[in-house]
DNA sequence: GCTTGACATGCAACCGATTGCATTACATCC
DNA sequence: GGATGTAATGCAATCGGTTGCATGTCAAGC
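Protein chains in written order, with my numbering: chain S, 1 to 344; chain V, 1001 to 1344.
Below, the structure is given as structure tokens:
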């Protein structure tokens, strides 16, 4: 190997190794190693001496070498379907924070909603991480099981039996939203649906249907795929055409787009149309402020990493299905159903 | 080492190694290695045979071991000051994408605007990456230089001589914004400032001052720290009290908060007050739609990784200071200065 | 028929740590 | 004073690959 001409250490000084520290401080490499990893095995004096030399030389243990011999490198991976979707940044941040506190480094992967891409990333990560968190995975179940067999793995918003998962249970919040709309007199509403393969979407759609049926509301589904501001905006036209008086959107982003689309059609929200979002990631930043199902997505990241950690440490291998509940936050995008438009 | 009882491979099957593949296919380990890394050195038949065996056994080269012997592991790190700030997700996504295409894995770090935390992360990453991108670093120059000496490093929105950097040059856009406001008749404006240590903030503040001076506008500075929706909202009070007729905010988030704060004070935008944002990351999602300085932040991530790559491959070690320019996007949050409030 | 060289493969050292198992030195106890 | 125990340290194998160099084979060239 030609260390000087290849990529690794061609910067100024090449990093000192354990051997150099050993030679300079007159002890064996084993001792140097122990000075860092198990100082209680060594005499106080030796530890101090070795560390002093290490300091002077600027020695830092090589993580890669350490990983090879111990099989632990303190890395985990987090794969999300779209970094740019406002649902994820808080989740990423919380996951990151938790991992940090545990001294772990986190690889971030962005699948862009593409299963093939997700698998590619997984393949690259799997060899160099001790655990994985897959948020809103679009992979099929069999694939996920294969990876889960190789490494501790935690899913977010994906419900696969036998694999540790944290689910943001938006059903109660969605049900509350339907109830809220029903009380306001809406009889005919739309569900603006997200990705077919998304567990969250299925869950929300089902919750809408079930609660609506219970209350005798009619509901139609209008797609916004992929879920985004733009597809939400475009959905305004068919929604208005359908004659419904309220819509509940797959997520806040879609709801925000819908708000814009409605404004463009001169439909006044909430006077003549009501909109409910989901996730509560936009806070009060929309206009009008969005009534939405609050989903504590940051907690999901935090909890997922927590579960991953305990799994990595050999704990709790039993079936874990952690549910995070939700509730409705009423703001300004919902109001009484307009008398004239009431359908049926 | 007790592989079975520690963390590494306690999952079902322990991963097959190069030796096992070698034994089964009746060749040496070197040959197996070459079948994967330099197949052109081997006969076609051998490659096929080895790969078939590897496939059957489910062998995948161990990245860590490979990294130890070659000194390359294909990892890079990206550290940002706040994942949840909408400025970063597009940048992260673009950086990610570029790295992906180059077959690299990316570690993501979130410093939360805290230099100490940033340094901690850096320390954890440095040993296991081939290169670093620091976006909006809050570290002091000396520290950065130390890390830059150890690994290829690219800065985003930080201007340190001798270190490769990509700068989003918002000066032209900001100047255009001032000109725009001046033309609309505003004579007295506020700059809602961001983090003192931020290069972007300094640059924007200076651009505002310079251009305002040139056009004879009076400008005051009102802080919003840390920059966020909330601090922006809170800044509305002092801003209104100061008697200015327009404000240009450090970033879009602050501008959006300001918009909300103004609405709460019953100040009509743009009729009686004009607001300009910076970064153009909120697109048209604010109400009223934000006039802002468009900064192509995604490109910054893309370009930074590109430069990092070429640096990692030994190329172009000269001084690189890549500027990304900006322009003003006029939407609906700016309008003519109100006659009655005109100051001076 | 023997040299020559190209091609395919194997040998073994090496990357930089960790760690089970000696070994050594010294204090303790009978 | 010798057996015994304990604390501190060293030896050497190992993790799973990569790679410079040596070796072997076979066909072409003279």
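From the three backbone atoms N, C-alpha and C, an ideal C-beta is built for every residue, glycine too. Here the structure is a predicted model, which is why all the values come from computation and not from measurement.
Within the region 1080-1099 of chain V, those residues whose Cβ lies closer than 7 Å to any Cβ of chain S are, in chain order, 1083, 1084, 1089, 1090, 1092, 1093 and 1096. Among the residues of chain V, those whose CB is under 7 Å from the CB of residue 67/S are 1064, following chain order. Inter-residue distance for residue 141/S and residue 101/S is about 31 Å (C-alpha atoms, whole angstroms).
Contact check for residue 68/S and residue 95/S: beta-carbon distance about 26 Å, past the 8 Å limit, so the pair fails to qualify. With fewer than 16 other CB atoms across the displayed protein chains lying within 10 angstroms of its CB, residue 14/S is exposed.
The DSSP assignment places complete alpha helix (DSSP H) segments of no fewer than 4 residues inside the region 163-216 of chain S at 171-183 and 199-214, in order along the chain. For residue 297/S, the nearest beta carbon of chain V is not closer than 7 Å to its own beta carbon. Between residue 84/S and residue 1209/V, the CB-CB gap reaches or exceeds 7 Å. In this structure, residue 1147/V keeps its C-beta atom at 7 Å or more from the C-beta atom of residue 1155/V. For residue 1107/V, the enclosing beta strand (DSSP E) begins and ends at 1105-1110. Interface criterion not met: the Cβ of residue 1101/V is under 7 Å from no Cβ in chain S.
DSSP places residue 1025/V in the helix class (H, G or I) of the three-state scheme. Note: residue 223/S is bridge-paired with 193/S in the DSSP secondary-structure output. Comparing alpha carbon positions, the residue from 1298/V, 1080/V, 1191/V and 1090/V closest to residue 1217/V is 1191/V. If one requires a minimum length of 3 residues, the beta strand (DSSP E) runs lying completely within the region 1254-1324 of chain V are 1274-1279, 1291-1294 and 1321-1324, in chain order. Around residue 60/S, the beta-carbon contacts reaching into chain V at under 9 Å are 1123, 1126 and 1127.
Against chain S, a Cβ distance below 7 Å from residue 1073/V picks out 64. Using a Cβ distance threshold of 7 Å, residue 1032/V and residue 1050/V count as a contacting pair.
Given a length threshold of 3 residues, each whole run of the beta strand (DSSP E) inside the region 1019-1083 of chain V is given here in chain order: 1075-1080.
Between residue 41/S and residue 34/S, the alpha-carbon positions lie close to 7 Å from each other. When rounded, the separation of the alpha-carbon atoms in residue 58/S and residue 1197/V is 29 Å.
With a cutoff of 7 Å on beta-carbon distance, residue 1173/V and residue 1326/V are scored as near each other. Residue burial annotation: residue 162/S is exposed, with fewer than 16 other C-beta atoms found within 10 angstroms of its C-beta.
In the DSSP assignment, residue 1246/V is bridged to 1189/V and 1274/V. Distance from the CA atom of residue 1166/V to the CA atom of residue 1136/V, rounded to whole angstroms, is 11 Å.
For residue 1135/V, the uninterrupted beta strand (DSSP E) segment begins and ends at 1131-1135. For residue 155/S, the three-state secondary structure derived from DSSP is strand.
CA-CA distance, residue 185/S to residue 247/S, rounds to 13 Å. Each of 86/S, 36/S and 220/S was checked against the Cα of residue 62/S, and the nearest Cα belongs to 36/S. With contacts defined by Cβ atoms closer than 7 Å, residue 1086/V and residue 1281/V form a contacting pair. In the three-state DSSP reduction, residue 237/S falls in the helix class (H, G or I). Residue pairing by DSSP places residue 1120/V opposite no residue, since no beta bridge is assigned to it. For residue 1212/V, the CB contacts under 6 Å within the same chain, skipping 5 residues up- and downstream, are 1178 and 1219 in chain order. Per the coordinates, the alpha-carbon of residue 1244/V lies some 10 Å from the alpha-carbon of residue 1337/V.
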